[in-house]
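Reading through the structure tokens given below for one structure.
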Amino acid sequence: MRINGWQRIGIVASVVWMLVAGIYTLNVTSDADLEAAARIYRDCADIRDDANQRQREYCWQQSAKSADYSAVFNKCVQEFEAKNPDTCSKRSADYAVNSLPNERIEAAAVALIPLPLAWGFAYLCLFLVRWVKRGFPRTP
Numbered sequence: 058m059r060i061n062g063w064q065r066i067g068i069v070a071s072v073v074w075m076l077v078a079g080i081y082t083l084n085v086t087s088d089a090d091l092e093a094a095a096r097i098y099r100d101c102a103d104i105r106d107d108a109n110q111r112q113r114e115y116c117w118q119q120s121a122k123s124a125d126y127s128a129v130f131n132k133c134v135q136e137f138e139a140k141n142p143d144t145c146s147k148r149s150a151d152y153a154v155n156s157l158p159n160e161r162i163e164a165a166a167v168a169l170i171p172l173p174l175a176w177g178f179a180y181l182c183l184f185l186v187r188w189v190k191r192g193f194p195r196t197p
């Protein structure tokens with residue numbers, strides 16, 4: 058089977074499409090997922106900081122009742138931090154890691170799915186042009 062000029066152009070265009078569309082889609086989805094992970098971290102940190110502030114105020118109130126307010130305050134804060142570890146970084150990192158396979162699948166789909174559709178459309182157009190050029194069959 059011989060490949061003509063249009064088919065060569067189509068093959069080159071297909072390879073370029075696969076590379077450019079795949080890389081571009083991977084970059085865009087990766088950036089969007091990293092932005093979402095940063096937003097998750099910021100939201101979590103805001104909630105954590107509010108809770109920490111409320112706990113510190115509570116600890117100040119408890120330590121004001123005591124003669125050794127510094128020791129009472131530090132003990133109160135340490136107990137709270139031991140019960141409530143910082144999980145914001147872990148949540149953000151988990152989201153970013155779990156979204157990586159989806160990014161790759163989406164990039165592969167954008168790079169590969171349009172190719173058979175485009176080739177099918179090109180051959181359909183070629184068939185129609187040749188059919189019209191041949192002319193319509195005449196009936197006696």
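When the letters of the sequence shown are read in order and numbered with our numbering, they come out as residues 58 to 197.
Even for Gly, the Cβ is constructed at its ideal location relative to N, Cα and C.
- According to the DSSP assignment, G79 belongs to the alpha helix (DSSP H) that extends over 62-121.
- Relative to Y81, the option among N109, F130, V167 whose CA is nearest is V167.
- One thing to note: L172 has its Cβ within 7 Å of the Cβ of S71.
- One Cα belongs to A153, the other to V85, and the distance between them is close to 14 Å.
- The C-beta of C116 has 16 or more other C-beta atoms within 10 Å across all chains shown, which makes the residue buried.
- When secondary structure is reduced to three states using DSSP, A124 falls in the coil class, being assigned neither helix nor strand.
- E138 counts as exposed, since fewer than 16 other C-beta atoms from the protein chains shown sit within 10 angstroms of its C-beta.
- Membership of I170 in any alpha helix (DSSP H) is not indicated, and neither H nor E is assigned to it by DSSP.
- Relative to the Cα of S87, the nearest Cα in the group V186, R191, G177, N159 belongs to N159.
- Excluding five sequence positions before and after A78, the CB atoms of its chain that fall closer than 6 Å to its own CB belong to V167, A168, given in chain order.
- At a Cβ-Cβ threshold of 7 Å, S156 and D90 count as neighbours.
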